[in-house]
Each structure stands twice: as C-alpha cells, then as structure tokens.
Amino acid sequence: MDVDPRQYEHVAINEDAIHDVVLSYLVHNCFKETVESFTTCTGMKQPAGCLEDMEKRKRIFHFALEGNALKAIDLTEELAPDLLEKNTDLHFDLLSLHFVKLVCSRRCTEALEFAQSKLAPFGKVQKYVVKLEDFMALLAYEEPEKSPMFHLLSLDYRQHVADSLNRAILAHANQPSHSTLERLIKQMMVVRQLLSQEHGQDTFLPFSLRDFLKS
7 MDVDPRQYEH VAINEDAIHD VVLSYLVHNC FKETVESFTT CTGMKQPAGC
57 LEDMEKRKRI FHFALEGNAL KAIDLTEELA PDLLEKNTDL HFDLLSLHFV
107 KLVCSRRCTE ALEFAQSKLA PFGKVQKYVV KLEDFMALLA YEEPEKSPMF
157 HLLSLDYRQH VADSLNRAIL AHANQPSHST LERLIKQMMV VRQLLSQEHG
207 QDTFLPFSLR DFLKS
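In terms of the working numbering, the sequence shown is residues 7 to 221.
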C-alpha cells in the first residue's frame with residue numbers, strides 16, 4: 007500500500023529551499039527569461055555569470071538538438087576548450103549527429119567521406135566498433151528512416167546527445183550536472199526501492215512520478 011498523502015500534509019518545508027529547487031531546474035535547462043522573472047518575483051539573487059552561461063549553453067543545446075553538430079562542437083570548444091578532447095564518447099556522439107544529418111539529406115558521398123575522416127579513427131577502440139557499424143549501415147538504405155537503425159535519426163537520439171552535452175558542460179564548469187529536482191526524485195525512488203526490499207514487495211508499490219503528481 008502507498009503512503010496516505012495526509013500523513014505529510016503538515017510537514018514544514020522552507021520556502022527558500024523550494025525556490026532553490028525551482029531555480030536549479032530553470033538554470034540547468036537554460037530557461038533564461040523564466041529565471042529572470044522568477045528571481046525578480048522571489049527576490050532571489052542570480053548566481054554570478056548565470057545568465058551569460060545559460061545563453062551560451064542554450065545555443066549549444068539547440069544546435070545539437072537540431073542536428074547542427076559541427077556548430078555545437080565549435081561553440082563547446084570555445085566555452086570548454088578541453089571537454090570533447092577528454093570526453094571521447096560525447097565527441098563521437100556529436101560527430102555522429104552530423105553524419106546522420108548528411109545521410110538524411112541524401113548526401114551519401116559526403117557522409118561517407120566524413121565518416122572516413124572523422125568517425126573511422128574511433129574504430130581503433132573496440133567499444134566504438136558496433137556503433138560505427140550501425141551508423142555506416144544507414145548508407146545501405148534508400149530510406150534510412152525505415153531501416154532497423156531508424157532510432158539514430160530520431161529526435162529522441164538528438165535529445166539524448168544534447169542533454170549529455172549540457173550536463174558535461176555544467177560538470178566541466180564545476181557545477182552540478184543534474185538539477186536538484188532530478189536528484190531529489192532519484193533519491194526518492196532509491197529510498198522507495200530500499201523500503202520495498204526491507205519490508206516486502208507488497209508494502210510499497212513501484213513508484214510512479216506521474217501517479218504521485220496526480221495524488
């Protein structure tokens with residue numbers, strides 16, 4: 007059985023703590039205008055360099071999300087010069103976005119040349135071999151959108167890469183790579199799982215954020 011919401015209705019939570027959680031989420035996701043409005047309404051102070059940093063990360067994020075990976079790479083190297091050199095997984099993923107964009111534009115010759123010059127060197131490391139095979143297989147299909155690797159062309163894949171890039175840039179700047187809200191939700195889910203293991207599976211049902219928000 008689940009916990010009756012009435013049991014925690016009277017638990018006091020500091021309003022400033024709630025504001026901090028909300029601000030962390032807005033800053034993490036680069037909602038610049040909303041941050042300005044929120045801090046004005048609540049009287050909170052903006053972190054030093056907060057707005058400028060958000061604007062730069064927002065541009066990088068949207069370039070990656072749109073598949074304009076080369077522009078995202080250029081701006082990332084300006085903002086965090088050694089990030090992609092150290093994070094080769096992320097660098098590969100960004101380059102793969104450009105390859106996919108060429109494939110989707112039916113510029114297959116250019117895609118092949120790009121793969122040979124930029125992606126092939128990653129093949130020296132075993133963990134990239136399967137990924138490379140999947141991407142190169144896209145060239146064999148007249149309609150890559152209908153291939154078994156169609157997910158590599160999806161918005162979800164670009165979203166995943168863009169989110170990873172945003173988190174990596176934050177970590178590079180010694181900022182939390184996940185928002186406070188996300189960390190709180192993860193912590194809550196872990197606690198529920200531990201309680202379920204300790205008291206039996208029937209005591210606590212699997213946690214659903216969607217159901218919790220409806221309660």
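Note that beta-carbon positions come from the ideal geometry of N, C-alpha and C, so glycine has one too.
- Just so you know, the alpha carbons of F37 and F44 end up roughly 10 angstroms apart.
- Secondary structure of K51 (DSSP, three-state): coil.
- Membership of N172 in the alpha helix (DSSP H) is indicated by the continuous run L161 to H178.
- Between M60 and H25, the CB-CB gap reaches or exceeds 8 angstroms.
- Separation of the CB atoms of A168 and L101 is rounded to 14 angstroms, and the pair is thereby denied contact status at 8 angstroms.
- Taking C-alpha positions only, D95 is separated from T40 by approximately 32 angstroms.
- Boundaries of the alpha helix (DSSP H) around R63: C56 to L71.
- Cα atoms of T115 and L103: separation of roughly 16 angstroms, rounded to the nearest angstrom.
- A contact is defined here as three or more CB-CB pairs under 8 angstroms, and the region 183-200 fails this definition with respect to the region 62-77.
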